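First the structure, in the form of structure tokens, and then the observations on it.
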Amino acid sequence: MKDKKVETNGRKLTLDLIKYKPGLFIITTILWIIKDILPLVNGMVIKEVFDVIEGTSSFNVGISGLLMMIATIALIEIIIFQVAFRTNISFEYSTISLIRRNIFNSILKKPGGKALNCLSGHAINSIRDDANQVKSLLGWISWLVGQIIRAIAAIIILSTIDIKVTFLVFLPLVAIVLFAQKFEKKVEKNREKSREASANVTSAIGEIFESALSIKVSAAEDDVINRLEKLNNKRSRLSVKDSILTTLIDSIYNNAVTIGTGLILLLVGRLIMNGSFSIGDFAIFVYYLSYVTDTIESLGNFIVFARQTEVSFKRMSELACCQEGNELTKHKEIYLNEKNAYKHEEVNDRENLKVSDLRTLEIKRLNHCYENSSNGIKDIDFTIKKGEVTVICGRTGAGKSTLIKNIIGLIPSDSGELYWNGEKIEKPSEFFIPPICSYTPQIPNLFSETVRENILFGIEDNEETMNQAIYSSVLESDITKLDEGLDTVIGSKGVKLSGGQKQRVAAARMFARRGELLVLDDISSALDVNTEKLLWERLFAEKKQTCLIVSNKKIAIEHADNIILMKDGAIEDQGKLEELLSRNKELWQIIA
Ligand SMILES: Nc1ncnc2c1ncn2[C@@H]1O[C@H](COP(=O)(O)OP(=O)(O)OP(=O)(O)O)[C@@H](O)[C@H]1O
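Residue 238 in our numbering is what sits at position 219 of the sequence shown, and the numbering runs on without skipping anything.
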């Protein structure tokens, strides 16, 4: 399966998100509308205040009554604002959590070897900034609805005062919207570049932290800092350009609105002098004018912001795209208020898999070619039988790791089939997991937690399982030498452990999961002879255990029921040790 380009439709995705919590969206929007309409009523009351002062009012309420009305409206406005703010927060955080949940879920669902299609820094930036951008857009939509309704209502009221002056309010709107359209593409392109440059800096910093030791021993500090400086300068240039473009558009809106306002006020001033405007009319006109012009500006900014959000949708969709398609806005339950409500439906599905005990695992015509490369595996055919040890060997780069990653679904194969007891395995990446299969990768992935937590890695802490895992991975004497035994914190990526200890903690994690099929990728490369001997002896003492092992070590190969000899991505030969030694010089050289 090669990566496909992800097509995104920002409007559809936005609508999907609104439909996720339609009740909250509608309530928030209605509250914003009421909150925005109230000042219009206030404007009318203010007009009456001036008319009462001028003596032209037909309203039978005194100044004090009108002032009470103004205060009451302001109070109601404050209360509505408080409620709307809360419902809006619930709406925004529900949708942002859904987006983040779906991105993480899709990443976890993808084959392990292809979970991220970009640098981790890019993914982190996207999950943080792009999700926030979408959240702001959604909040803005419900806010804008109220503003637009208020502006329309204001325009209708203003046009009853003077239609000609009111018409002039629309001119800046049309001009600004047309102008903003022209800038849309440019802003979008630049924002994309700017975000990418920021992500490159984040990734570079991450890599520097991860490789601090290598940088020091290679005395590469200056080079690394120069590279970071270049990336940072690029980021800074693009960010400044992005800010300038956005500010430029903002200031154009503001100035157009101000010029429009000035023109209208000039016209109104002339009308007052003509006597066709009362002071009350003038007051309400000035009072409403800012609502209309604010909305024009807001609408213009919104158009630009919505364009920028398209970029965010695109980047997040690329992360949230898995075999089932773009899952970015897929409606799923999230738990914002409940403690311990974490559920992972997919994991539960896996636990419920009904699979018969292993008798045979057949690998048929398996092929994989890495993207933009001729490397991979070709036409792999062999069978693993229950209780047998299968050892894959071959020179470096022969395709051993690629083969096992394809079998257990960490890398999706281009073609070929796998059969478990004769039944086709449809999704290897979802099938080859504990308790069916457990795996130790060539490079151990450890976390800066305790040894115990690294071994358990989410499974229940059971003394018997832990002791068995420690015994099988020959870790017992290492643990007694650690300051706090199993509860020693091992530092970032296990920095406080030796290479051999790291390999065995990773192996212990695999043993603790008691997979029916154990898959071990060259786990003894950093072990001394005695420890390695013990490790294989203990593993092979369990005659029932089915193992698929990548190793060129003589002691492992000697225990193999079937040896798969790889060369240039293909199986060069396979069979028992004696048969292969009698006919194949390659194997002699590998185990020599
Ligand atoms: N992601 C990748 N993209 C392109 N080529 C790759 C990728 N990963 C591995 N390769 C290439 O595929 C070939 C097989 O790699 P693989 O890791 O399977 O070899 P191996 O037999 O396990 O080697 P070793 O014994 O050194 O671990 C190598 O030539 C390697 O450079």
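Note that beta-carbon positions come from the ideal geometry of N, C-alpha and C, so glycine has one too. Small disclaimer: the values here were computed from a predicted structure and weren't measured.
The region 560-576 makes contact with the region 393-408: 3 or more CB pairs, one atom from each, lie closer than 8 Å. Of the residues assessed, residue 201 falls on the exposed side of the cut-off, its CB having fewer than 16 other CB atoms within 10 angstroms.
Annotation: residue 601 to residue 558 spans about 27 Å, alpha carbon to alpha carbon.
In the DSSP assignment, residue 374 falls outside any beta strand (DSSP E), carrying neither H nor E.
Annotation: the continuous alpha helix (DSSP H) that includes residue 47 extends over 41-73. By the criterion of at least three beta-carbon pairs nearer than 8 Å, the region 516-526 is in contact with the region 458-477. In this structure, the CA atom of residue 377 is about 18 Å from the CA atom of residue 579. Note on residue 419: 16 or more other CB atoms within 10 angstroms of its CB, so buried under the neighbour-count rule. Remark: C-beta atoms of residue 484 and residue 525 do not approach each other more closely than 7 Å. Cβ-Cβ distances below 6 Å link residue 332 to 27, 29 and 32 in the same chain, with the five nearest sequence neighbours on each side left out; the list follows chain order.
Following the DSSP letters along the chain, one finds residue 154 inside the alpha helix (DSSP H) bounded by residues 150-180. With a threshold of 16 other beta carbon atoms within 10 Å, residue 125 meets it and is buried.
The continuous beta strand (DSSP E) containing residue 408 extends over residues 408-413.
In this structure, the straight-line span from the alpha carbon of residue 232 to that of residue 503 is close to 25 Å.
Per the DSSP secondary-structure output, residue 585 pairs in a beta bridge with 413 and 590.
Put simply, of 399, 380 and 402 the residue whose alpha carbon is nearest the alpha carbon of residue 450 is 380. In the pairwise beta carbon analysis, the region 212-219 is classified as touching the region 141-155: at least three pairs are separated by under 8 Å. Every unbroken stretch of the beta strand (DSSP E) spanning 3 or more residues and falling wholly within the region 470-551 is given here in chain order: 536-540.
Distances taken from the Cβ of residue 573 to the heavy atoms of ligand 1 include none shorter than 6 Å. Taking residue 164 as reference, the option from 476, 436 and 310 with the minimal CA-CA separation is 310.
With a cutoff of 6 Å, residue 392 counts as near ligand 1, since its C-beta is closer than that to a heavy atom of the ligand. For residue 109, the enclosing alpha helix (DSSP H) has its first and last residue at 82-128.
In the structure shown, residue 383 adopts extended strand secondary structure according to DSSP, grouped into three states. Residue 97 is positioned such that its CB atom lies no closer than 7 Å to that of residue 168. DSSP places residue 35 within a helical segment (H, G or I) once states are collapsed to three.
Of all alpha-carbon atoms in 159, 56 and 59, the one lying nearest the alpha-carbon of residue 108 is that of 159.
With a cut-off of 8 Å on Cβ pairs, the region 330-349 is in contact with the region 111-127, counting three or more such pairs. DSSP places residue 299 in the uninterrupted alpha helix (DSSP H) bounded by 298-338. Taking C-beta separations shorter than 8 Å and ignoring five residues to either side along the sequence, the partners of residue 400 in its chain run 382, 383, 384, 385 and 590, following chain order. Judged by their CB atoms, residue 522 and residue 542 are nearer to each other than the 7 Å cut-off.
Remark: the shortest separation between the CB of residue 504 and any heavy atom of ligand 1 does not fall under 6 Å. As a beta-bridge residue in DSSP terms, residue 567 pairs with 409 and 538. Excluding five sequence positions before and after residue 254, the CB atoms of its chain that fall closer than 6 Å to its own CB belong to 216, 217 and 220, given in chain order. Beta-carbon to beta-carbon, residue 536 and residue 455 are separated by about 7 Å, close enough to satisfy the 8 Å threshold. DSSP, read as helix, strand or coil, puts residue 399 in strand.
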